[in-house]
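Trainee: Take this structure, written in structure tokens, and hold onto it; I'll ask about it next.
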């Protein structure tokens with residue numbers, strides 16, 4: 001529709017320009033004919049051979065008027081009629097042209113009138129020659145082909161544009177049809193990617209990439225739900241088994257021991273639920289307001305409070321970051337819990353600044369983690385070999401929560417190479433307090 005309107009306007013504009021050009025050329029030619037007829041009459045007047053009735057086939061009307069305003073010669077069509085016009089050439093010129101309408105004897109048609117001044121000894125004579133003026137469309141023989149050409153051009157252009165649009169949108173329709181068949185239970189389908197590399201090709205590629213991410217996210221969510229259900233169900237089943245066995249032999253049961261076992265299971269159940277809630281909050285990005293936090297202070301307080309089952313050696317320097325104090329403490333405790341659980345005897349904790357970042361390193365002297373499994377441990381409810389799974393007391397969510405907290409603070413949590421054990425390194429952007437005039441940078445800002 002838009003193409004048809006645009007082409008119609010364009011075609012009519014071009015046709016209008018053509019008509020204007022032809023109209024001007026034809027008008028100029030006719031004015032020249034009028035001028036030539038007037039000059040021939042002036043030559044006859046100069047020789048004294050001008051008859052009272054003078055016919056010139058090149059013009060429609062001709063009149064010769066003396067200085068007194070009397071018509072002394074006229075064309076046959078103007079016999080007995082008043083003067084054609086009364087205008088004269090401007091001073092300094094011998095000729096002029098005008099378009100006059102409603103001239104006596106011409107009906108409703110307009111005339112192109114040329115006047116020629118013929119100076120004589122007793123005054124100036126005026127010779128008027130006239131011919132019909134051209135209409136705006138010049139003639140029907142010119143207007144009809146132009147209109148027909150416009151109609152054909154608009155029709156073929158519209159059909160061609162429609163065909164091009166339909167052909168171009170066919171891949172889009174294929175993408176739409178494929179997307180309509182994709183559901184949460186069938187995310188394995190992908191939209192077809194057209195062969196020519198254009199915008200639609202890029203669109204299809206982006207859609208497939210998005211579907212890949214959605215499929216991966218849904219797979220992770222399903223695996224996470226299944227693992228969480230398995231862990232919760234295992235705990236509940238174990239607790240139920242303990243109670244059922246105790247009830248079968250009530251007299252032989254050590255009820256305080258059963259209570260302690262149930263309490264331990266409940267504590268682990270509580271830890272799993274708490275970790276699930278923390279992950280949900282981190283996934284929703286519903287964090288607390290950020291503020292400057294000294295990580296060294298957190299480490300000192302946590303190590304002083306913490307009952308140390310293994311030797312913990314710390315080498316930390318004051319370092320400020322901007323973040324949520326509670327979440328950063330959770331990051332630290334999760335790393336320490338993991339290190340203590342897998343260390344043979346010693347855990348090393350270091351804190352230093354490098355290249356605008358604060359690096360928190362927690363290194364245990366355990367069996368370590370194979371390179372190909374270093375990302376697996378950050379998956380929710382991940383399970384490794386027995387060498388890194390000595391204690392089943394973990395929820396399987398500590399390290400994923402720690403990485404999410406690091407990401408939430410604009411940082412990273414990775415496992416780096418070490419000669420022995422596992423070396424976890426959390427990097428968080430260093431907080432630089434706004435510099436105030438007259439203040440001196442302290443040791444908290446290593447820059």
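In full-length UniProt numbering, the protein residues as written are 1 to 447.
For each residue, glycine too, the CB sits at the ideal point set by N, CA and C.
#1: Which residue marks the beginning of the beta strand (DSSP E) containing residue 416, and which one marks its end?
#2: Is the CB-CB distance between residue 323 and residue 366 below 8 Å?
#3: In angstroms, rounded to a whole number, what distance separates the CA positions of residue 122 and residue 64?
#4: Would you mind reading off the limits of the alpha helix (DSSP H) that contains residue 165?
#5: Any idea which residues DSSP pairs residue 314 with across the strands?
#6: Using the Cα positions of residue 48 and residue 80, report the straight-line distance between them to the nearest angstrom.
#7: Can you give me the C-alpha to C-alpha distance between residue 390 and residue 344, rounded to a whole angstrom?
#8: Where does residue 362 fall in DSSP's three states?
#9: Here's the rule: buried if 16 or more other CB atoms are within 10 angstroms of the residue's CB, otherwise exposed. What is residue 387?
#10: Is residue 359 near residue 340, with beta carbons less than 8 Å apart?
#11: What does the alpha-carbon distance come out to for the pair residue 295 and residue 192?
#12: Around the C-beta of residue 156, are 16 or more other C-beta atoms found within 10 angstroms, so that it is buried, or is it exposed?
#13: Roughly how many angstroms lie between the CA atoms of residue 256 and residue 351, to the nearest whole one?
#14: Does the structure place the stretch 220 to 230 close enough to the stretch 244 to 264 that three or more beta carbon pairs sit under 8 Å?
#15: Assuming residue 336 and residue 362 form a contact by the criterion Cβ under 8 Å, report the distance between their Cβ atoms to the nearest whole angstrom.
#16: Is the Cβ-Cβ distance between residue 276 and residue 228 less than 8 Å?
#17: Look at the Cβ atom of residue 17, then the Cβ atom of residue 59, and state whether they are nearer than 8 Å.
#18: Does residue 404 pass the burial test, meaning 16 or more other C-beta atoms within 10 Å, or should it be called exposed?
#19: What span of residues does the beta strand (DSSP E) with residue 111 cover, start to end?
#20: Quick one: what does DSSP say residue 377 is sitting in, helix, strand or coil?
#21: Once DSSP output is grouped into helix, strand and coil, what is the label at residue 429?
#22: Quick check on residue 126: buried or exposed, where buried means 16 or more other Cβ atoms within 10 Å of its Cβ?
#23: Going by DSSP in three states, residue 126 sits in which element: helix, strand or coil?
#24: Who are residue 320's beta bridge partners in DSSP?
#25: Count Cβ pairs between the stretch 171 to 184 and the stretch 202 to 217 that sit closer than 8 Å; are there 3 or more?
#26: Under three-state DSSP, which class holds residue 187?
#27: Thinking residue 427 and residue 415 are a contact (beta carbons under 8 Å), I'd like their distance in whole angstroms, please.
#28: In its own chain, which residues sit with a C-beta less than 7 Å from the C-beta of residue 399, not counting the 5 before and 5 after it?
#29: Quick check on this structure: which residue in 108, 73 and 280 has the alpha carbon closest to the alpha carbon of residue 408?
#30: Identify the continuous beta strand (DSSP E) that holds residue 63 and give its terminal residues.
#31: Do you know whose CA, among 434, 298 and 117, lies nearest residue 90's CA?
#32: Leaving out five residues on either side along the sequence, give the residues of the same chain with a beta carbon under 8 Å from the beta carbon of residue 111.
#33: Could you tell me how far apart the beta carbons of residue 353 and residue 430 are, in whole angstroms, since I believe they sit closer than 8 Å?
#34: Near residue 331, what residues of its chain come up, given a Cβ to Cβ distance below 6 Å and the 5 sequence neighbours on each side ignored?
Mentor: Reading it off the structure:
#1: 412 to 416
#2: no
#3: 15 Å
#4: 140 to 180
#5: 349
#6: 22 Å
#7: Its pLDDT being 44, under 50, residue 390 is placed unreliably by the model, and the measurement read from it follows with that caveat. One C-alpha to the other measures close to 11 Å.
#8: strand
#9: Note on residue 387: pLDDT 41, under 50, position unreliable in the model; the coordinate value appears next. Residue 387 should be labelled exposed.
#10: no
#11: 51 Å
#12: exposed
#13: 44 Å
#14: no
#15: With 8 Å as the limit, residue 336 and residue 362 qualify as a contact, their Cβ atoms being about 6 Å apart.
#16: Going by C-beta atoms, residue 276 is nearer than 8 Å to residue 228.
#17: no
#18: buried
#19: Unbroken beta strand (DSSP E) run through residue 111: 110 to 120.
#20: helix
#21: It is a strand residue.
#22: buried
#23: strand
#24: Per DSSP, 294.
#25: Contact between the stretch 171 to 184 and the stretch 202 to 217 is present, because at least three Cβ pairs lie under 8 Å.
#26: coil
#27: About 13 Å; that fails the 8 Å criterion.
#28: Residues of the same chain with a CB within less than 7 Å of the CB of residue 399, apart from the 5 flanking positions on each side, are 334, 338, 377 and 378 in chain order.
#29: Distances from the CA of residue 408 to each of 108, 73 and 280 were compared; the closest alpha carbon is that of 280.
#30: 61 to 65
#31: 117
#32: 60, 61, 84, 99, 100, 101, 103, 130, 131, 132 and 133
#33: 6 Å
#34: Once the five neighbours on either side are set aside, the close Cβ partners of residue 331 are 402 and 405.
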